[in-house]
Each structure stands twice: as C-alpha cells, then as structure tokens.
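Residue numbers (full-length UniProt numbering): 1 to 506.
Glycine included, each C-beta is placed from N, C-alpha and C at the ideal position.
Structure first, then comments.
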C-alpha cells in the first residue's frame, strides 16, 4: 500500500514544498524506516507518532513501513512534519483518500494533540498566491492571509479530529483568514519618550527628525558625554505608527530569531556591543543576527569607530539590499534587514576632541588612524552626518527643557511627513524617501530653479558621487515633506547638503 501527502518545510523565511511518501508492506519484520532525511533524529519522532496514535484511539499499523521525504536531504529531523507523516500513515492504513492538492503542516505531541507553530506566519499572501486546495495546520498557529484566494485553511487540534474529518466525514469550520490581533505601539511614557526633554543639541535633534521621517541613515559625531546615545535611544520612541504590513514584518523577524510572538509590537531598537562578531551582527545560514532583530526599527552602533573594520564592512551590502542572503543546505535563505542605521562616534580615541572644557590628548597621527577604521564607502551609506556639541551654555538657557505634555509637536510633524511619503510612494511599494529608486529620483524630487543651480554648484565644488547626489535629493525631499512643500527649494537642498558634506565637523 502506498500513499503520498504534500507538506513543506520553512528554511529561514522561505517556504519549500515537500512530498511525504508512505509505503506499507505485509512482508518483512514490522518496523519503520525513514529515508530522505539527513542525520538520525527520526527515531524519537516515530516513537512519538506511535504513542500519539495509541492515545488518540487510533491503530498504528504493525507492519513494515517506509517513510520517504522528497526532496531528499532537505531536512535533518521530522519535528515540523510529524502531522503530515501521521496523516499519511492514517490514510494509507484506513484506505481513505484526501484531496490531491491538500497540504499538511505541523508537529504532534505524545497525547495526540497538534503542536501550534509560529513558523506558519511565513505562509503569507505571497506564498498562498496561485495555490489551490486545502491547508491543514494546528490550531492556534499564526496564519495572516487577508486576501481571498483558492486556498482554504482549516485548523485542527488533534489527530482524533483529523480522523473524524477524513475517515468519518465529520464537518469542520473553514478559516478564510485570520485577523491580525497585534498592534504597533511606540514605547511612550508621558513626555519621557521624545526629544523635547533633552536639553540643548537643537541641530542634532533636527537632524534626527529628518532621519526618522525619511528613514535616512545618520552618523552623530561629537565629544564623549554630549548625549549621542541618549538621542539615539529617544529616536525609537519617535517612530511613527507602523502599518499592518510593518507589524507582520516585525513579527516574522522575531520568529526567525526565536523570539516569542507578543500582542503588542514595539519599534525594534538593537544596540550591539563593540565586540560583536560578523556572524552575530549579520547572522549565519542557520540563524539571523542583530541586523534582522532591528528590522523595521533601529540598529544603533555606539562608539562606531571601535567596531572591527570587517564587521562594519559587512553592513554595506545589507544597507543597500535591506536583506541578508545565504544558502542553507542548498536552499536560498533570505533574512529581512530593513533598519534605520544610527551611528555614534567620538572625534578621536580619547573622546575629547571638540570638547569645550577639556583638552584632547591625541596627535594628528592618532586621529588619522582612528578615522581610518571606518572607510569612505561605508561613510557614503550615511545620508546625514551631524555634530553633537552638548554645549552646557545652550542647555543652561533651557531651564526646564522644551516640555511637551499631551502631544509631542515633533512626533506629530514626523507622522505627517511619513503619511505624505506613504501616499506618494505607494505605487512603488516603499514607504520612505530613502528607498526612492534611481530611475524615479528626478521625477519625485522636483527642484525649484534656484535649487537646481545650487545642486550643480555643490556637485562641482565637492566632487560628489552619483550615490551622494541621489542621497542629497532624497534627504531634500524629506525636508520639504516636513514643511508640506510640493517642490524642493534652495533652502531644503542647502540643509541636505550641509549634512552630506559634514561641514559642521570641528
């Protein structure tokens, strides 16, 4: 007797189809052989399935049986396909037949209950598109497929329920889609979650406002103790409310990294230590790293010049592609990594260069060696470079800070600018000006006459690269959006240029 069911395995965020073939023979010693699986981690799963049959009141065939998983060598254990294997054994032994387009996924426990899975979150609209038939997954599994298609979803709680449906013909409730119950909530506690309570540093706060609004990478330079880290931490609380798609993307990134799924989703803020390895920051074929944990949020690199150059250079491709690609056991694996990069660094090794009340102890050679730890190609990935002075005189003039109580005007300004961008860029599938493609930059970033002349003069004077010009235009567009201006003026462009050429460095 032979039977085949369809299943799949999830490698990273990629869903790969599997076929599970079961052959039962009356000849030979009763046993179960598993082929097509790497390693020897199958015995425990087969024992669990046998026990689950017994505890569910189902008969496990006492015959010679072969379970073949195809394509061969794709998985090393049966944990995620114990339910499909159980169904193939149940159906072949009972002589029942399921639909040829039916799909099964999930594990079982010894009591015969199906184990809920968070990995099913990757079976989204893109995966379901074009599929016809029925999908059977464990109850309480995550499945956010809001579009109408020809794939009908059923959730089962136990093998006993599956037997009643397929063998006895009992009815089952169809789950057309699962509503997204999670919400996107910024971490706000009164007025403590915004820039208004940070004394001084008006220029840095302005630069960060532009950075957050357009998702532009920013590097803050300044002496030690001027508030760079504090401003970066506040930035996570200044993020605008995310869309439903953002919520699902954050949940997916967390599932990939082994984090529990929670009902309240906050803006990710990751702050890896300077000793972090390339594998821990970027990830590996088997496990993503900090870059993925920061997806749709902030990756903050404090004391950036002290990170190993190899680790910093590994970020360049990630910043450009907004994802990380590996090959895991012959299968392409892609991890999301669309984050806002905020860097902070002192001006020298001792951290006193540029300080108003302290003297730097570094010589010219020391400063050059320190600055060479971060190469020019990485610096080009920053749209905004600004200096954080932390002037005590500026702070003393603001006795109580720029208090905001019910609402934060800066956060409202960011929210309006983001809304403008989302409406303008929706047809391109992006949400922020930083993602404007090269072939659309001139159409989207309309310059006034004076602004065009200023851009030509800037390119000639500073010898800017094509990438630099593109980033200046994108930042200018964000500055204009903050003022709800339809065209980019010379003032908007001038502000973007000053952040790019770093003329405010001491």
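Under DSSP, residue 35 shares a beta bridge with 68. Just measuring C-alpha positions, the residue of 112, 151, 119, 111 sitting nearest residue 130 is 151. In this chain, the beta strand (DSSP E) harbouring residue 332 covers 331-336.
Contact between residue 479 and residue 492 holds: their C-beta atoms lie close to 4 Å from each other, under 8 Å. Residue 464 places its beta carbon 9 Å or farther from that of residue 374. Counting along the chain, residue 43 sits inside the alpha helix (DSSP H) bounded by residues 43-55.
Here the segment 158-171 makes no contact with the segment 376-385; the two share fewer than three CB pairs at distances below 8 Å.
Cβ-Cβ distances below 6 Å link residue 46 to 32 in the same chain, with the five nearest sequence neighbours on each side left out; the list follows chain order. The Cβ-Cβ distance between residue 450 and residue 489 falls below 9 Å.
No Cβ-Cβ contact shorter than 9 Å links residue 18 with residue 116. With a beta-carbon spacing of about 6 Å, residue 318 and residue 282 fall inside the 8 Å limit used to define contacts.
DSSP places residue 495 within a helical segment (H, G or I) once states are collapsed to three. With fewer than 16 other Cβ atoms inside 10 Å of its own Cβ, residue 261 counts as exposed.
Listed in chain order, the alpha helix (DSSP H) runs fully inside the segment 232-266 are 244-256, counting runs of at least 4 residues. Shown here, residue 93 sits in a helix according to DSSP, grouped into three states. Under the three-state reduction of DSSP, residue 154 is assigned to strand. A distance of 9 Å or more separates the beta carbons of residue 424 and residue 240. Checking the DSSP bridge columns, you'll see residue 14 partnered with 11. For residue 327, the enclosing beta strand (DSSP E) begins and ends at 323-328. Of the candidates 289, 237, 279, 237 places its Cα closest to the Cα of residue 266. One Cα belongs to residue 306, the other to residue 103, and the distance between them is close to 50 Å.
Proximity of the segment 360-375 to the segment 330-341 falls short of the contact definition, fewer than three beta-carbon pairs being nearer than 8 Å.
If you check the CB distance, residue 20 and residue 43 do not come in under 9 Å. Nearest in C-alpha terms to residue 119, of all of 304, 258, 197, 39, is 258.
The segment 79-94 and the segment 199-208 do not touch, with fewer than three beta-carbon pairs separated by less than 8 Å. Secondary structure of residue 301 (DSSP, three-state): strand.
Within the same chain, Cβ atoms closer than 7 Å to the Cβ of residue 227 are found at 198, 201, 388, 390, the five residues on either side in sequence being excluded.
Residue 324 and residue 141 have their C-alpha atoms some 26 Å from each other. Per DSSP, residue 135 is not a residue of any alpha helix (DSSP H); the beta strand (DSSP E) it occupies stretches across 133-138. Just so you know, the alpha carbons of residue 107 and residue 138 end up roughly 8 Å apart. Between the beta-carbon of residue 295 and that of residue 356 there is about 39 Å, and that puts the pair past the 8 Å contact cut. Counting the other CB atoms within 10 Å of its CB gives residue 439 a total below 16, which places it among the exposed residues. The beta carbon of residue 343 is closer than 6 Å to those of 219, 301, 304 in its chain, skipping five residues each way along the sequence. For a cut-off of 8 Å, the C-beta gap from residue 125 to residue 105 is around 17 Å, too long to register as a contact. Residue 20 sits in a strand when the DSSP states are folded into three classes. The three-state reading of DSSP puts residue 411 in helix, counting H, G and I together.
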